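Worksheet for the structure shown next.
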Amino acid sequence: MSGLAAQLLNGLQYGLLLFLISSGLTLIFGVMGVINLAHGSLFMIGAYIAFVVAGGTGSLWLALPAAVLGGLALGALLERGLFRRFYHREHLDQVLLTFALILLFEEGRSMLLGNDFHSVAVPAALDVAVPMVGDFSYSAYRLAVLVACLAVAAAMFLAIERTRIGSAIRAAAEKPEMVDLLGLDARQIHLVVFAVGTALAMLAGALAAPLHSVYPNMGHGFLIICFVVVVVGGVGSIAGAFWGALLIGVVDTLSKAYLPFAAGLAVYVLMAAVLLWRPTGLFARS
Amino acid sequence: MLTVAGRNGTLALGAAALAVAALPLFAEAYYLELASTALVLAMFALSLQLLVGVTGLVSLGHAAFFGVGAYAIHLLGAFGAAPSVLLSLPAAMLLAALAAFTVGALALRTRGFFFLMTTLAFGQMLFFVFHDTPLGGGADGVFVTRPSFSLFGLEWVISRQDRPTVMLLLNLGVLVAMYAGLALLLRTMFGRALLGIRANEHRMRSMGFDTYWLQLGAFTLAGAMAGIAGHMWGMTQAFVSPELLAWHRSAEALLMILLGGLGALHGPILGAFAFVGLGEIAGQITERQRLVEGLVILAVVLGLRHGIAGIRLPALRRLPAPAPTAKEAAP
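This is the structure we're talking about:
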């Protein structure tokens, strides 16, 4: 019983982490119409920032703001320098541009930090088990990640629903031509969305580093699972990404725990079922 | 719009094929094997061109069908001695076609980027099938027995020295047949309908074409052709691994198409040779081939928009055709 509860919590925590990555993916796609295959590499960079900062200073707490600030800066740089030219190009060009970025990011990582596996220590204050119900206890760090991701998700919903820039982003995602008609600065919106999406992916990487350790190509698996999240959750909506991420996180974790022979396959079967039943995704506003 | 090489272009391609066929007369075995690799990758990129250049579908899961075709040899090996290539090639084609039909039937319910993500995800699923289940024979890959050249109990045994030459000529033959088949296909109603879908799917649908089934037909055929390419890879290398299905191979095939030229049917062939050649040169200069590959892609997407097949003499093309003057008209 406590085993199942632990697996469920693991699934929720994994799903919330997936939400941080896929919300950026789906926002960037919804607003700019660009698919960023290098989004998984941004996650990888965030994890390596956590490894370097936590290793250098001994504190993961410094790594989180470093990943967020680094993400905002890197995102702004990528948007201004490269992606801006590709919003109206063919899919093929966008795919290859972002594939090239994956190769360059991975090669840069290999040059700077080598190709070894590294584990990142959980902060000492959270390296305990929290007693839950009865004799069941759960890792404090995983609980903290769960709460942190929920807080980020809540902040995102508030920002998108309640603020000026949030409503501009919604307008841009639903009717791009409206943005110009309303006299909003589309270039600024694109910059903000790309920078925030990048920062979210890198924050997710930094949070995940103590749980998944850091290793070459670690972003690939997360990227593909996040594609499944976006397809299952529905087209271009934050709410779809949220519920889709929780569903995929729980299904993936439970299937790996209880159906070892189908370990990697369960989420893809789920995706196939969703495509058969509702090709626009489970949570799309139709 | 996709162009098929005209008479002069076909002559040039034929001359290039003859040059490749003449390689065994003077080149070392290493270069014959390199040319074989390029030929097989050209088949693979050409099969993807049926989706990307002809039908306008960008798939990121195409390597899965390449890998299924290669693993068909391993799966047939379970039935005993080396199968005849006359059996293993159709089997690889059928198996890949079946996989492509299933994936395509689901993925084609989505469009654009969602099609891309879905094909990538299903490709990854097939990767896991061969990576994790007993079907594949291990995560590190497995050696396979090459299919034999036998018919009705008669077998043509090939010595180790002759093998690179025989494989080169066989791969060349398969690639030529594949290219000719596609060029013919584009003249049929089916091929023209696919080109129409690329130009404007809505219009095709309102004209009464069932675009879903046409696209599924193209996806299945492209998968079958990728299966042939995969089979030839497995037969050439005598080794298959899950890495053959990995999605970066799909991306590399897209790179070959863009490198060679999106707008020409023979573009992927040029692209595959350029890709293998660049990789070989990069490998001699630096250990960091991915760095070179990444920079080459950046250069292509930022600069060389129409690929190698699109290179003309720029000075001639850019000059606006001047009105004929008296001086030019005079002899």
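Protein sequence lines correspond, in order, to chains D and Y.
The first sequence begins at 430 in my numbering and counts up one residue at a time.
The second sequence begins at 2 in my numbering and counts up one residue at a time.
A virtual CB, placed ideally from N, CA and C, is assigned to each residue, including glycine.
All values reported here derive from a predicted model rather than from experimental measurement.
Pairing residue 242 of chain Y with residue 235 of chain Y, the inter-Cα distance amounts to about 9 Å. As for any alpha helix (DSSP H) of minimum length 4 sitting wholly inside the region 605–665 of chain D, the runs are 605–610, 615–641 and 647–662, ordered along the chain. The C-beta separation of residue 51 of chain Y from residue 219 of chain Y comes to about 6 Å, placing the pair in contact by the 8 Å criterion.
For residue 560 of chain D, the enclosing beta strand (DSSP E) starts and ends at 558–560. Secondary structure at residue 240 of chain Y: strand, using DSSP grouped into helix, strand and coil. For residue 299 of chain Y, the nearest CB of chain D lies under 8 Å from its own CB, placing it at the interface with that chain. The region 11–24 of chain Y and the region 688–697 of chain D do not touch, with fewer than 3 CB-CB distances between them shorter than 8 Å.
A contact between stretches requires three or more CB pairs, one per stretch, nearer than 8 Å, and the region 656–664 of chain D meets this requirement with the region 705–712 of chain D.
The C-beta of residue 84 of chain Y has 16 or more other C-beta atoms within 10 Å across all chains shown, which makes the residue buried.
At a cut-off of 8 Å between beta carbons, residue 520 of chain D contacts chain Y. When the Cα atoms are used, residue 58 of chain Y and residue 13 of chain Y turn out to be separated by approximately 29 Å.
Of all alpha-carbon atoms in D/673, D/443 and D/460, the one lying nearest the alpha-carbon of residue 577 of chain D is that of D/443. For residue 464 of chain D, the residues of chain Y that pass the 7 Å Cβ criterion are 114 and 117, in the order they occur in the chain.
Here the alpha carbons of residue 608 of chain D and residue 584 of chain D stand approximately 23 Å from one another. In its chain, beyond the 5 residues on either side, 231, 232, 234, 235, 241 and 245 have a beta carbon closer than 7 Å to the beta carbon of residue 71 of chain Y. Residue environment: residue 269 of chain Y is assigned as buried (16 or more neighbouring CB atoms within 10 Å of its CB, all protein chains considered).
Chain-ordered, the chain Y residues with CB closer than 7 Å to the CB of residue 693 of chain D read 129 and 133. When DSSP reads this structure, residue 144 of chain Y sits in a beta bridge with Y/240. Residue 688 of chain D does not reach chain Y, its nearest Cβ partner there being about 12 Å away, counting only Cβ pairs nearer than 8 Å. Under the Cβ distance rule, residue 653 of chain D counts among the residues neighbouring chain Y, one pair being separated by less than 8 Å. A distance below 8 Å separates the beta carbons of residue 277 of chain Y and residue 39 of chain Y. Where residue 131 of chain Y is concerned, the enclosing alpha helix (DSSP H) starts and stops at 113–133. Excluding sequence positions up to five before and after residue 217 of chain Y, its CB lies within less than 8 Å of the CB of 102, 105, 106 and 109, all in the same chain and listed in chain order. Between residue 567 of chain D and residue 551 of chain D, the C-beta gap is not smaller than 8 Å, which leaves the two residues out of contact.
Contact fails between the region 599–608 of chain D and the region 431–449 of chain D, because fewer than three Cβ pairs, one in each stretch, are under 8 Å apart. D/451 is the residue among D/447, D/451 and D/433 whose C-alpha sits nearest the C-alpha of residue 666 of chain D. Listed in chain order, the alpha helix (DSSP H) runs fully inside the region 206–250 of chain Y are 212–238, counting runs of at least 4 residues.
Interface residue (Cβ-Cβ distance to chain D less than 8 Å): residue 56 of chain Y is not classified as such.
Taken through DSSP and simplified to helix, strand or coil, residue 47 of chain Y comes out as helix. The beta carbon of residue 699 of chain D is closer than 7 Å to those of 661 and 680 in its chain, skipping five residues each way along the sequence.
If you look at residue 150 of chain Y, you'll find it in the beta strand (DSSP E) that goes 150–152. Taking each of Y/25, Y/267, Y/138 and Y/134 in turn and checking the Cα distance to residue 49 of chain Y, the smallest one comes out for Y/267. Interface with chain D (8 Å Cβ-Cβ cutoff): residue 259 of chain Y is included. Residue 100 of chain Y and residue 66 of chain Y do touch by the CB rule: their CB atoms are close to 6 Å apart, below 8 Å. Taking a C-beta distance under 8 Å as the contact criterion, residue 284 of chain Y and residue 536 of chain D do not qualify as a contact pair. At a beta-carbon threshold of 7 Å, the residues of chain Y lying near residue 700 of chain D are 122, ordered along the chain.
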